[in-house]
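Participant: Questions regarding the structure given below will be posed in turn.
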């Protein structure tokens, strides 16, 4: 950060760019695919229409946004990296940049907890969060009555979007593909933060989430004294129909559920920044956005639909790992399936961000 900020509540540049993603209104569509890696984002973007030329923005915080049209419908593909903090940046900053409804599908990788082979594609109906409890005394566990890990209650995916996703994946899967498609399961996300809850006289608890780790909260054994030797076994015992484990999807589902439960939309006027904290690198499409676009309105009856597809990269039971050739093949057809699911989901015209002045406007 090189410049002085004038509004710490929700930082924006003078031309409405958000702090981490670097986008502004008119650069992100209502339908979004979110992925972890830029290479996967580019794979999905290869299916976008040639016109208008896709808009590409790389933020200095590591987020990649690609916006264009797929079968004539505006779509964005956003690479966010890893973990719930990045998912939080993504959902909140996009919500403040797009008017109307949002339909978001996460296309990510995961570990398989049951007898499913690498290359399997899993669509979860719900997610739980598994978290490392920083109040547990990992150095002297015998003197601590805190749980080492906590499991949250499940949060459901959007049923309508999930159903469209399952149908689209079956239609997109090549006849030559050896990948299975599994749906109706529960996913666990092992990268949750927040909140201190009540103590418990056990190593594991379902009292609520705190901070987490890719290693300890996923039951991986390292040189650290993580006290997680039986964590996976405990997860499977406590969470019915659990099949996969990753890091981001729970927070996407959680924020979408929170949006549905909100009581009102804030109309507080925000002070724009006079100088910018972000210097995005933009491969400009044929449609530059306006000099200073209007602030978008999250309409009172707007919704956020969220769903997730997880490609099994590793089996936690057999320790087998997916091959690079399998990754390429599965990413391609699942990417196309996700795009088809998004364009098939209906968003009312009055809940769409305006095309006028946007990077996806047809001129």
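In UniProt numbering, the protein residues as written are 1 to 363.
Positions of the beta carbon are idealized from the N, C-alpha and C atoms, including for glycine.
Note that this is a predicted model, so its numbers are computed, not measured.
1. Ignore the nearest five residues each way along the sequence and tell me which others in residue 340's own chain have a CB closer than 6 angstroms to its CB.
2. What do you get for residue 50, buried or exposed, if any count of 16 or more other CB atoms within 10 angstroms of its CB means buried?
3. Which residues in the same chain have their Cβ closer than 7 angstroms to the Cβ of residue 62, if we skip the five residues on either side of it in sequence?
4. Relative to the alpha-carbon of residue 302, which residue among 319, 313, 262 and 46 has its alpha-carbon at the smallest distance?
5. Per DSSP, what kind of secondary structure is residue 249 in: helix, strand or coil?
6. According to DSSP, simplified to helix, strand and coil, what is residue 309?
7. What residues match up with residue 107 in a beta bridge as DSSP calls it?
8. Is the beta carbon of residue 41 closer than 8 angstroms to that of residue 79?
9. Mind checking which residues open and close the alpha helix (DSSP H) that includes residue 344?
10. DSSP on residue 232, reduced to helix/strand/coil?
11. Using 8 angstroms as the cut-off, can you tell me whether the region 337-355 makes contact with the region 24-31, which would need three or more C-beta pairs spanning the two stretches below that distance?
12. Measuring alpha carbon to alpha carbon, tell me which of 139, 317 and 189 ends up nearest residue 309.
13. Leaving out five residues before and five after residue 337 in sequence, what residues of the same chain have Cβ atoms less than 6 angstroms from its Cβ?
14. Just how far apart, CA to CA, sit residue 247 and residue 241?
15. My output table needs one value for residue 176: the three-state DSSP class, helix, strand or coil.
16. By DSSP's criteria, residue 355 is part of a beta bridge. Which residues make up the other side?
17. Could you check the C-alpha separation between residue 19 and residue 12 for me, to the nearest Å?
18. Which residues in the same chain have their Cβ closer than 7 angstroms to the Cβ of residue 350, if we skip the five residues on either side of it in sequence?
19. Give the single residue among 121, 99 and 245 whose Cα lies nearest to the Cα of residue 24.
20. Report all residues from its chain with a CB closer than 6 angstroms to the CB of residue 322; omit the five preceding and five following residues, and keep chain order.
21. Using the Cα positions of residue 148 and residue 249, report the straight-line distance between them to the nearest angstrom.
22. How long is the line joining the alpha carbons of residue 352 and residue 179, rounded to whole angstroms?
23. Specify the secondary structure class of residue 166 as computed by DSSP and reduced to three states.
24. When the Cβ atoms of the region 56-70 are set against those of the region 229-238, are three or more pairs found closer than 8 angstroms?
25. Along the chain, where does the alpha helix (DSSP H) that runs through residue 38 open and close?
26. How many angstroms separate the CA atom of residue 150 from the CA atom of residue 90?
27. Spatial neighbours of residue 113 within its chain, please: C-beta separation below 7 angstroms, excluding the five flanking residues on both sides.
28. Cα-Cα, which of 282, 181, 144 and 359 is closest to residue 366?
29. Quick check on residue 142: buried or exposed, where buried means 16 or more other Cβ atoms within 10 Å of its Cβ?
30. Are the CB atoms of residue 107 and residue 334 nearer to each other than 8 angstroms?
Facilitator: Let me lay it out:
1. Mapped onto the chain shown, residue 340 falls at position 340. So the qualifying residues of the chain are 168.
2. Taking the first residue of the chain shown as position 1, residue 50 is located at position 50. Residue 50 is exposed by the Cβ-count criterion.
3. Sequence index remark: in the chain shown, residue 62 carries index 62 (1-based). If we look at residue 62 and ignore the five residues flanking it on each side, its Cβ neighbours are 81.
4. Position 302 of the chain shown, counting from 1, holds the residue named residue 302. Nearest option by C-alpha distance: 262.
5. One-based indexing of the chain shown puts residue 249 at position 249. Note: residue 249 maps to helix in three-state DSSP.
6. If you number the chain shown from 1, residue 309 lands on position 309. Three-state result, residue 309: strand.
7. The sequence position of residue 107 within the chain shown is 107, counting from 1. Its beta-bridge partners are 309.
8. Indexing the chain shown from 1 puts residue 79 at position 79. Indexing the chain shown from 1 puts residue 41 at position 41. Contact: yes.
9. Locating residue 344 in the chain shown gives position 344, counting from the first residue. Residue 344 -> alpha helix (DSSP H) spans 324-344.
10. Position 232 of the chain shown, counted from the first residue, corresponds to residue 232. Reduced to three states, the DSSP call for residue 232 is helix.
11. yes
12. Indexing the chain shown from 1 puts residue 309 at position 309. Selected option, being the one with the closest Cα: 189.
13. The residue given as residue 337 occupies position 337 in the chain shown. Here the set comprises 168, 169 and 172.
14. Here residue 247 refers to the residue found at position 247 of the chain shown. Here residue 241 refers to the residue found at position 241 of the chain shown. Taking the straight line joining both Cα atoms gives about 18 angstroms.
15. In the chain shown, the residue the question calls residue 176 occupies position 176. Looking at residue 176 - three-state DSSP - the assignment turns out to be coil, as it is neither helix nor strand.
16. The count along the chain shown starts at 1 and reaches residue 355 at position 355. For residue 355, which the question treats as bridged, DSSP gives no partner whatsoever.
17. Position 19 of the chain shown holds residue 19. Position 12 of the chain shown holds residue 12. Each residue's alpha carbon lies about 6 angstroms from the other.
18. Stepping through the chain shown from its first residue, residue 350 is reached at position 350. Excluding residues within five positions, none has a Cβ falling inside 7 angstroms.
19. Position 24 of the chain shown holds residue 24. Answer by Cα proximity: 99.
20. Stepping through the chain shown from its first residue, residue 322 is reached at position 322. So the qualifying residues of the chain are 118, 119 and 313.
21. As a first step, residue 148 must be located in the chain shown, where it is residue number 148. As a first step, residue 249 must be located in the chain shown, where it is residue number 249. Whole-angstrom Cα-Cα distance: 22 angstroms.
22. What you label residue 352 is simply residue 352 of the chain shown in a count that begins at 1. What you label residue 179 is simply residue 179 of the chain shown in a count that begins at 1. Using only the alpha carbons, I get a separation of about 35 angstroms.
23. Locating residue 166 in the chain shown gives position 166, where the first residue counts as 1. In this structure, residue 166 counts as helix in the three-state DSSP scheme.
24. no
25. As a position in the chain shown, residue 38 is number 38, starting the count at 1. It spans 38-45 - the alpha helix (DSSP H) in which residue 38 sits, taken as one unbroken run.
26. Within the chain shown, the letter at position 150 stands for residue 150. Within the chain shown, the letter at position 90 stands for residue 90. If you take the alpha carbons of residue 150 and residue 90, they lie about 25 angstroms apart.
27. Walking along the chain shown from the start, residue 113 turns up at place 113. Only 232, 236, 242, 243, 244, 245 and 316 meet the Cβ criterion.
28. Outside the displayed span of the chain (1 to 363) sits residue 366, for which this structure offers no information.
29. For this step, residue 142 is matched to residue 142 along the chain shown. Its Cβ having fewer than 16 others within 10 Å, residue 142 is exposed.
30. Numbered from 1 along the chain shown, position 107 holds the residue referred to as residue 107. Numbered from 1 along the chain shown, position 334 holds the residue referred to as residue 334. Cβ atoms of residue 107 and residue 334: closer than 8 angstroms.
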